[in-house]
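Structure first, then comments.
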Amino acid sequence: MTYDLRSAAPDRLSVQNAQPAGTTQAASVALAGVPSRAERSAPLMRLCDTLDAMFEACSHFPEPSHSTFFARSMRLALAGAAANPALLTAAQREGSIETYRRHLLAADPHGRYAIAALVWMPGQASPVHAHHTWCGYAVVDGTLSETVFEWRGEEECASATRTQARNRGAVSFVRGGRGAIHRLGNNSDAPAISLHIYGVAGTQMSTHVNDIVRTADTPALA
Ligand SMILES: [Fe+2]
Numbered sequence: 010m011t012y013d014l015r016s017a018a019p020d021r022l023s024v025q026n027a028q029p030a031g032t033t034q035a036a037s038v039a040l041a042g043v044p045s046r047a048e049r050s051a052p053l054m055r056l057c058d059t060l061d062a063m064f065e066a067c068s069h070f071p072e073p074s075h076s077t078f079f080a081r082s083m084r085l086a087l088a089g090a091a092a093n094p095a096l097l098t099a100a101q102r103e104g105s106i107e108t109y110r111r112h113l114l115a116a117d118p119h120g121r122y123a124i125a126a127l128v129w130m131p132g133q134a135s136p137v138h139a140h141h142t143w144c145g146y147a148v149v150d151g152t153l154s155e156t157v158f159e160w161r162g163e164e165e166c167a168s169a170t171r172t173q174a175r176n177r178g179a180v181s182f183v184r185g186g187r188g189a190i191h192r193l194g195n196n197s198d199a200p201a202i203s204l205h206i207y208g209v210a211g212t213q214m215s216t217h218v219n220d221i222v223r224t225a226d227t228p229a230l231a
């Protein structure tokens, strides 16, 4: 089954990459500008077409991310796109010395997903977080370190369970909720890049994805 929506779809990059003041991620991530149409790569367009087809195929599900087909297809789509060296432009591979940098690559005009590349310089890491929505990632270049946490409901905090290296090609997909809490970072001595897809509109990427949680070694607020 082939879906070619390129001619009919509105500009996937037309959604503004808003960063409201005071959001939880404002201090921890630098947002890059939205690239122009000319900067869209063929692999990125194919990824968008694949995602559109997945949503169409799962249209009978109240929540597509609960479908096994959706999860499996998302992992395959992430792996295929991340393995293509033409996915990202040079500008989309640029990092920041201040914090990890997020480049919005595409935003679904229907608000079903947003695609981003995250560039991690050595020593940079995300906060410990769960997710308000489904999300998936694949490592494009370099090696990331991922620490997985479990949620301790009675104490209302997260406790680390394991840390693993995530090398180029590693793929992950999780549904929203505190059943999947992690922290991604770059413990290597070289930059790393990851491709992320979130189940939100492009304008909500900074505010409706990460659910930052308290960890066991962080004092509770008085
Ligand atoms: Fe995450």
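Sequential numbering of the sequence shown, starting at 10, is according to the numbering used here. For every residue, glycine included, the Cβ atom is placed at its ideal position computed from N, Cα and C.
Neighbour-count burial assignment, residue 173, 16 or more Cβ in a 10 Å radius: As a position in the sequence shown, residue 173 is number 164, starting the count at 1. With fewer than 16 other Cβ atoms within 10 Å, it is exposed.
On the criterion of 16 or more Cβ atoms from any shown chain inside 10 Å, does residue 178 qualify as buried, or is it exposed? The residue you call residue 178 lines up with position 169 of the sequence shown. Residue 178 sits exposed, since fewer than 16 C-beta atoms from the chains shown fall within 10 Å of its C-beta.
Sequence-distant residues of its chain with Cβ nearer than 6 Å to residue 182 (five each side left out): Translated into the one-based positions of the sequence shown, residue 182 becomes position 173. Around residue 182: 80, 83, 84, 145.
If we ignore side chains and look at the alpha-carbon of each, how far apart do residue 133 and residue 185 end up? As a first step, residue 133 must be located in the sequence shown, where it is residue number 124. As a first step, residue 185 must be located in the sequence shown, where it is residue number 176. Computed Cα separation, rounded: 24 Å.
In chain order, what residues of the same chain have a beta carbon less than 7 Å from the beta carbon of residue 71, not counting five sequence neighbours either side? Within the sequence shown, residue 71 is the residue found at index 62, counting from 1. Answer for residue 71: no residue qualifies.
Rounded to whole angstroms, what is the Cα-Cα separation between residue 188 and residue 137? Counting from 1 along the sequence shown, the entry for residue 188 is found at position 179. Counting from 1 along the sequence shown, the entry for residue 137 is found at position 128. The alpha-carbon separation between residue 188 and residue 137 amounts to approximately 13 Å.
Buried or exposed: where does residue 140 fall if 16 or more other Cβ atoms within 10 Å of its Cβ makes it buried? Counting from one through the sequence shown, the residue named residue 140 turns up at place 131. By the Cβ-count criterion, residue 140 is buried, with 16 or more other Cβ atoms from all chains shown falling within 10 Å of its own Cβ.
What is the rounded straight-line gap between the Cα of residue 68 and the Cα of residue 103? Residue mapping note: residue 68 aligns to position 59 of the sequence shown, counting from 1. Residue mapping note: residue 103 aligns to position 94 of the sequence shown, counting from 1. If you draw a straight line from the Cα of residue 68 to the Cα of residue 103, it is about 36 Å long.
Inter-stretch contact at 8 Å, needing at least 3 Cβ pairs: the region 201-209 / the region 158-166: For the pair of segments examined, the region 201-209 was found not to touch the region 158-166: the number of CB pairs separated by less than 8 Å stays below three.
Using only the alpha-carbon positions, how far apart do residue 113 and residue 125 sit? Numbered from its first residue, the sequence shown carries residue 113 at position 104. Numbered from its first residue, the sequence shown carries residue 125 at position 116. Roughly 4 Å between the two C-alpha positions.
Report the rounded CA-to-CA distance for residue 88 versus residue 197, giving the unit in angstroms. Along the sequence shown, one-based indexing puts residue 88 at 79. Along the sequence shown, one-based indexing puts residue 197 at 188. In a straight line, the C-alpha of residue 88 is about 22 Å away from that of residue 197.
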